[in-house]
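Participant: Pasting in a structure now, in structure tokens, and then I'll have a few things to ask.
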Amino acid sequence: MKHAKAWGRLPGVGEARQRPWGDRHAALPTEAGPRIAHGLGRSYGDVALNPGGELLMTRGLDRFIHFDRAQGVLRAEAGVSLDEVLALVMPAGWFVAVTPGSRYVSLGGCVANDVHGKNHARAGSFGHHVRAFELLRSDGSRQVCRPGDADGRFEATVGGLGLTGLITWVEIQLIPIRRPWMAVVQRRFASLDAYWDLDESLAAHHDYTVAWVDCLRGGRGLYSAADFAGHDAPQAEPGPGRRRVPLEPPISLVNGLSVSAFNLAYYHLPRPAFSLQPALKYFYPLDGLADWNRIYGRRGFYQYQCVLPRPAMKEASRALFDRIGRAGSGSFLAVFKTFGERPPAGLLSFPRAGATLALDFPNQGAASHRLFAELDAVVREAGGALYPAKDARMSADMFRAGYPALDAFRAHVDPAFSSGFWRRVADEAPSFPQPA
Amino acid sequence: MNRILIFGATSAIAAAAARLWVARGARVHLVGRSPAKLEALQQDLQVRAGGGAAAISARSADLDRLADLPALLDEAWAALGGGVDVVLIAQGTLPDQAACEASLDETLAQLHTNGVAVVALCTLLAQRLAPGSALAVITSVAGDRGRQSNYVYGAAKGLVSRFLQGLRNRLAPRDIAVVDIRPGFVDTPMTASIAKKGALWAQPTAVARGIVAAVDRRDDIVYLPAIWRLIMAIITSIPEKIFKKLKL
Ligand SMILES: Cc1cc2nc3c(=O)[nH]c(=O)nc-3n(C[C@H](O)[C@H](O)[C@H](O)COP(=O)(O)OP(=O)(O)OC[C@H]3O[C@@H](n4cnc5c(N)ncnc54)[C@H](O)[C@@H]3O)c2cc1C
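So the sequences go chain by chain: A and B. Everything in the first sequence is counted per full-length UniProt numbering, starting at 1 for the first residue and increasing by one. Everything in the second sequence is counted per full-length UniProt numbering, starting at 1 for the first residue and increasing by one.
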């Protein structure tokens, strides 16, 4: 059996039986669980892993059901990837309303993690644009869920980490675009204070905003703001090339020196203040390099993504950058953005008003965990939370602190569903055998 | 090459091929056993085909029932506007060899589904196909040599391959291509219960790409992936005296 791996490729996660799933009309298996859906495995940690249990491999659910080209409403099976969605809808003048930084993710995965993009301030999260989905439960019931339904199952399943049952199809509202090109504005900033100033002035005028921060040098970085281009952009889009990391290096290629050099170069790279970029290149810079996660070597890597609520965000982000800078183990990808005020779409949705920081760290065992513990303390103090889609290590305590609706959520969990993540953080006596 | 008729359409390989043809603007008529799966596939192809509601039609049928075949063909011809450019026959099951050994009924049923029913369909199609068209049939590398582990399946596929050989010979003067497609191991729901999947396992989309290309080229016999031509050349050249002692 091929080992299902999460994106972080951390070793030591036990095996799960993999059951291909390709028929949306089929009933769930009757054998005892625990089971969990596994889409395209782009979550970094263990939300889609299930040591000792079973994975429903949903990629076979890859059919479109209906596309209303006039209204931009698409219904498709849950295993359809955003890549396939975009190939269908972009030529018709539509785009997904919210997209994460990879298009090799499934619709089911986008719902279950209630993913966010660079336009959270304007558009909210993925769940805000879901009109309906069908949920299949282990008791054999099938239910079409819509936002605001009285039983609350929609809000439990959006961001519900696959624990409320199997999503068989999803219906989303798309956004119209004129050309598949982005008009991008870029500005350097020399300090965090300068970031906040830029954010204040640019975020008000642009749909998409994000910043890259050099943690090793006190929080200077690059701010970028973008919008879909109008008629002045070229009609056609060049196909994005795809390269591959050929094999897994035995040791991580990411170390203090290479990160430092990379960050220095990245900051100083000459950049036009304004440019037009193909939309797929803009949204998915990492998709151009297949299997880039292999550069971290056999030990894999962690991503640490937190959200810092508005009142504390400035102070707390400074504290985080200080600690990461002092630890000297920076990151290629310190992505920093500001979430908007829109109330979360789901009970366990990660995005909330404030700032979010995402960093990749090569797995350095105890040293990594010491740093994460320090960062956790800052996040907790700020009243923030960690993102389950990126997590492989947070404590039950930390999860409870960041997700106050946890108890309300529990009532919606399907008893035959569980995941490595859930057994780790749900703080209940696990009802299934834990791996040794 | 714009009107395409597919039997066993919901099989993973056929469905992937249908997507490729639809992406090229083809009109497709689907025949498959499970109404629910067929409807799901029809919807998918309809979305991919864009607006035109006429592009994709479908009919569920049990192809084991030979008496129904002429009416199915009538309907398909009508649905595709009176003519067919390409037929793909992809129906089939993967027998449990041990169950076949224990049951004559099971053996005959498997030979019927994978052999006789396909031959029946090809016979009727040969009466209707027009010059310039192509008949493509998915057989298997398993038909090249009987092996203890799956000779019932192999015998049925071998029957079809030999039948196609004769049919090709007969139809060649009329410019009708007869394409015998022999996949190796393909990672599909049909083979999901087979635990180990190694380097020789192909994805259905890759096999489908091979089928579409083979039909374009009007090939006679294609192994998919191509490496199987070499593997089967070796396997069929082993003298029977030795072969019968191998555990294959
Ligand atoms: C390069 C890269 C960039 C990223 N950028 C972002 C970003 O900007 N913003 C962001 O929010 N995330 C981001 N992510 C994370 C990614 O968007 C999420 O992890 C997403 O959920 C992955 O989808 P998937 O199909 O791979 O799901 P998986 O990782 O396979 O599964 C994720 C969760 O969805 C559940 N699930 C999947 N299918 C179903 C179903 N049919 N029914 C019920 N539950 C289901 C699983 O059980 C699991 O809990 C990024 C990831 C990568 C690799």
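Heads up, the beta-carbon is just placed ideally off N, CA and C, and yes, glycines get one too.
Round the Cβ separation of Val212/B and Ala17/B to the nearest angstrom and send it over; I've been treating them as touching at under 8 Å.
Facilitator: 6 Å
Participant: Give the range of the beta strand (DSSP E) segment to which Met57/A is assigned.
Facilitator: 54-57
Participant: Mind pulling the chain B residues with CB within less than 9 Å of Gly127/A?
Facilitator: For the C-beta of Gly127/A, not a single chain B residue is nearer than 9 Å; the gap to the nearest is close to 23 Å.
Participant: Can you tell me where the beta strand (DSSP E) with Gly221/A in it begins and where it stops?
Facilitator: 220-228
Participant: Could you work out which residues of chain B lie near Ile36/A, taking near to mean beta carbons separated by less than 7 Å?
Facilitator: Neighbours of Ile36/A on chain B: none; closest Cβ ~18 Å, over 7 Å.
Participant: Kindly provide the ranges of any alpha helix (DSSP H) runs that are 4 or more residues long and lie completely inside the region 127-206 of chain A, ordered along the chain.
Facilitator: Those alpha helix (DSSP H) runs which fall completely within the region 127-206 of chain A and span 4+ residues are 153-157, 192-203.
Participant: So is the beta-carbon of Ile167/A under 8 Å away from any non-hydrogen atom of ligand 1?
Facilitator: yes
Participant: Do you know offhand how far Val215/B's Cα is from Ala61/B's?
Facilitator: Each residue's alpha carbon lies about 25 Å from the other.
Participant: Could you check where the beta strand (DSSP E) with Val137/B kicks off and where it finishes?
Facilitator: 134-138
Participant: Given that Phe361/A touches chain B, what residues does it touch there, using C-beta distances under 9 Å?
Facilitator: By Cβ distance, chain B contributes nothing, its closest Cβ being about 33 Å from Phe361/A, past 9 Å.
Participant: What is the C-beta distance between Tyr284/A and Arg103/A, in whole angstroms, given that I count them as a contact (C-beta under 8 Å)?
Facilitator: 5 Å
Participant: I need the straight-line Cα distance from Ser395/A to Arg24/A, nearest angstrom please.
Facilitator: 35 Å
Participant: Tell me which residues share the same chain as Glu240/B and place their Cβ nearer than 8 Å to its Cβ, disregarding the 5 neighbours each side in the sequence.
Facilitator: Here Glu240/B has no same chain residue with a Cβ atom under 8 Å from its own Cβ, once five neighbours each way along the sequence are excluded.
Participant: Answer yes or no: do Trp21/B and Val86/B have a C-beta to C-beta separation smaller than 9 Å?
Facilitator: Their beta carbons are under 9 Å apart, which means Trp21/B touches Val86/B by this criterion.
Participant: Let me confirm a value: His412/A is counted as buried when at least 16 other C-beta atoms fall within 10 Å, else exposed. Which label applies?
Facilitator: buried
Participant: Along the chain, where does the alpha helix (DSSP H) containing Tyr223/B start, and where does it finish?
Facilitator: Looking at the DSSP string, Tyr223/B is not in any alpha helix (DSSP H); the run it does join, the beta strand (DSSP E), is 221-224.
Participant: Under a criterion of Cβ closer than 5 Å to any non-hydrogen atom of ligand 1, which residues qualify, in chain order?
Facilitator: Trp7/A, Ile36/A, Ala37/A, His38/A, Gly39/A, Leu40/A, Gly41/A, Arg42/A, Ser43/A, Val47/A, Ala48/A, Thr58/A, Ala78/A, Pro100/A, Gly101/A, Ser102/A, Val105/A, Ser106/A, Gly108/A, Gly109/A, Ala112/A, Asn113/A, Val115/A, His116/A, Leu161/A, Gly162/A, Leu166/A, Ile167/A, Leu286/A, Ala389/A
Participant: Using 8 Å for Cβ pairs, my map puts residue 500/A next to Lys337/A. What's the rounded Cβ distance?
Facilitator: A query on residue 500/A cannot be resolved here, the shown segment of chain A reaching from 1 to 436 and no further.
Participant: Please state the DSSP three-state secondary structure of Ala358/A.
Facilitator: strand
Participant: Examine the Cβ distances between the region 84-98 of chain B and the region 129-137 of chain B and report whether three or more of them are shorter than 8 Å.
Facilitator: yes
Participant: Against chain B, with Cβ distances strictly below 9 Å, would Asp23/A count as a contact?
Facilitator: yes
Participant: Should Val116/B and Leu5/B be called a contact, given that it needs their Cβ atoms to be closer than 9 Å?
Facilitator: no
Participant: Within the 9 Å Cβ cut-off, does Glu77/A reach chain B?
Facilitator: Yes, its Cβ sits closer than 9 Å to a Cβ of chain B.
Participant: Let me see if you follow: with CB-CB separation under 9 Å, is Leu41/B close to chain A or not?
Facilitator: yes
Participant: Note down, one range per segment and in chain order, each beta strand (DSSP E) of at least 3 residues found wholly within the region 61-107 of chain A.
Facilitator: 64-68, 73-77, 94-96
Participant: Output needed in chain order: residues of the region 88-104 of chain A with a Cβ under 9 Å from some Cβ in chain B.
Facilitator: Legend: CB atoms of the region 88-104 of chain A lying less than 9 Å from CB atoms of chain B belong to residues Leu88, Ala92.
Participant: Let me see if you follow: with CB-CB separation under 9 Å, is Ala12/B close to chain A or not?
Facilitator: yes
Participant: Against chain B, with Cβ distances strictly below 9 Å, would Pro295/A count as a contact?
Facilitator: Looking at the sequence provided, one finds Ile at residue 295/A rather than Pro. Judged by the 9 Å Cβ criterion, Ile295/A is not in contact with chain B.
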